[in-house]
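Q: Questions regarding the structure given below will be posed in turn.
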């Protein structure tokens with residue numbers, strides 16, 4: 319049954335378009351990530367610092 323599903327999926331007219339859309343989205347997403355990962359990394363560092371400071375405060379009490 320799964321094979322039939324795959325076959326009808328692959329032979330459907332929109333299959334190629336959907337693959338193109340998928341890769342377009344993936345590539346655009348990748349480029350966006352390249353530009354924004356720096357900001358995301360800084361945010362992660364900030365959050366890590368914040369949580370470790372909170373932990374230190376908890377340990378002192």
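Residue numbers (our numbering): 319 to 379.
Glycine included, each C-beta is placed from N, C-alpha and C at the ideal position.
Since we're looking at a predicted model, the values are computed, not measured.
Please report the residue range of the alpha helix (DSSP H) in which residue 343 lies.
A: Note, residue 343: alpha helix (DSSP H), 332-378.
Q: Roughly how many angstroms separate the alpha carbons of residue 365 and residue 375, rounded to a whole number?
A: 15 Å
Q: If we ignore side chains and look at the alpha-carbon of each, how far apart do residue 326 and residue 342 end up?
A: 23 Å
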